[in-house]
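Just so we're on the same page, the numbering used here is the position in the sequence shown counted from 1, plus 1003.
Each residue gets a CB set at the ideal place from its N, CA and C atoms; glycine is no exception.
Let me begin by presenting the structure, written as structure tokens, before commenting on it.
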Amino acid sequence: MGIELSSTKPAPASYPFNSSEGLDLDEAYERAQKGEGLQWVRMPYGEPGWLVSRYDDARFVLGDRRFSHAAVAENDAPRMRELQTPSGILGMDAPDHTRLRGLVTRAFTPRRVEARRPHVKELTASLLQDMKAIGSPVDLVEHYAIPIPVAVICGLLGVPNEDRALFRGWCDIAMSTSSLTAEDHVRLAGELMSYLSDLVEDRRAAPQDDLVSALIEARDVNGRLSHEELVNLIVFLLFAGHETTASQISSFVLVLLEQPDQLALLRSRPDLLENAVEELTRFIPLGIGAAFPRYATEDIEVGGTLIRAGEPVLIQSNAASRDALRFPSPGVLDITRDDARHHLGYGHGPHHCLGASLARLELQEALRTLLDGLPGLHLAQDVEWKKETIVRGPRRMFVAW
């Protein structure tokens, strides 16, 4: 491939490509992957940028520190919404990003995450019993998919059981399944920040075995965390992956119900559950488009295109995980696929998802409990889809058994 210089860029294509309804991957991605160089696109707001949709190109950009997250704050970055909101740790580069990430990583070691499996099993079993008590049909999103990540992150942070109902409301701030007004957002955000300030003070006076106490110790003893960073980091941990995991739970179930051969195979081969979660993560393009742009800090060639210093890059990891050059028959769901775990659903490189192991655990136990407890599970009516959101998925999904 030849190098396409910035001075010869074509008119930008309108982006994103995917529809908010359904879970299909738009054919435009396959054309982009087969074409020469990268595609120049324009999102609803911000300046145009380069779209990366091939697997090898995506891994390269995700792992190369010459692409800056922090530069987003200094530019009119490509984005879906008019307001450009702060992105916390996601908007940092080394060394600040490395410092904050290192403080949280200890909470997500394989041993610590695996120790939470019995609690997640108990949670999903309890929610299943609640669903049975309500009786079919029941909304799987409202009564199962959303409560799981809310309860898990509250447990990790050390939120008392009696306060978890409050957090369900506060999490609506980040959930596109909600219909909150701008005033509601402001009010709930203020309530959340006030609560977290009180929680920090409580844990400072009486530390417990939870992540908030560990972060307070890092701030007070080691002097490595400012108060603002501490509170913002807790908010990030509360919201990060919450909507993604909730959307994955309902979307995984939907796709399995739509592909009865794969569902039957998984029921007959429970040993395939972990691999099935990886393959479903690879196969389902939750993102309506690329999010979290980064900027080149110097001229860099990617996929046959010369990206000039100061130009933004958008990475569509979902499309990259459906790249035919990396995965044979990428548009086919195959829960026996040997290399399914090589998907880019959790990113790659310095900003690889901190909670990937925890998300995997939640998804595994959510599916296991449903498959074991509801052998006759089926859709009760048409799915209602989320609208105007980066993360796609059912808004309401009534199931019966």
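- Taking C-beta atoms as the reference points, Leu1106 and Leu1240 fail to come closer than 8 Å.
- Assignment of beta-bridge partners to Phe1070 by DSSP yields Ala1299.
- The beta-carbon separation of Pro1152 and Glu1368, rounded to 12 Å, does not stay under the 8 Å limit for a contact.
- Counting the other CB atoms within 10 Å of its CB gives Ile1237 a total of 16 or more, which places it among the buried residues.
- Between the stretch 1332-1346 and the stretch 1264-1281, the count of Cβ pairs shorter than 8 Å is three or higher; the stretches touch.
- For Gln1042, the enclosing beta strand (DSSP E) has its first and last residue at 1042-1045.
- Of the residues Gly1052, Ser1017, Arg1082, Arg1045, the one whose Cα lies closest to the Cα of Thr1392 is Arg1082.
- Out of Pro1047, Val1162, Leu1202, Val1064, the CA that lies nearest to the CA of Asp1302 is found in Val1064.
- In the three-state reduction of the DSSP assignment, Gly1172 falls in the helix class, which pools H, G and I.
- Within the same chain, Cβ atoms closer than 8 Å to the Cβ of Val1305 are found at Leu1041, Trp1053, Val1055, Asp1060, Phe1063, Val1064, Val1316, the five residues on either side in sequence being excluded.
- As a beta-bridge residue in DSSP terms, Arg1399 pairs with Glu1387.
- Non-local beta-carbon contacts of Thr1247 in its own chain, meaning distances under 7 Å to residues more than five positions away in sequence, involve Leu1289, Val1394 in chain order.
- Three or more pairs of CB atoms, one per stretch, sit closer than 8 Å, so the stretch 1309-1327 contacts the stretch 1346-1357.
- Distances from the alpha-carbon of Val1258 to those of Ser1200, Asp1142, Leu1382 put Leu1382 closest.
- With a threshold of 16 other beta carbon atoms within 10 Å, Arg1363 meets it and is buried.
- Annotation note: the stretch 1210-1284 contains the following uninterrupted alpha helix (DSSP H) runs of length 4 or greater, listed N- to C-terminal: 1214-1223, 1230-1242, 1245-1261, 1263-1271.
- Check the Cα spacing between Ala1073 and each of His1355, Arg1297, Gln1251, Asp1375: the tightest is with Arg1297.
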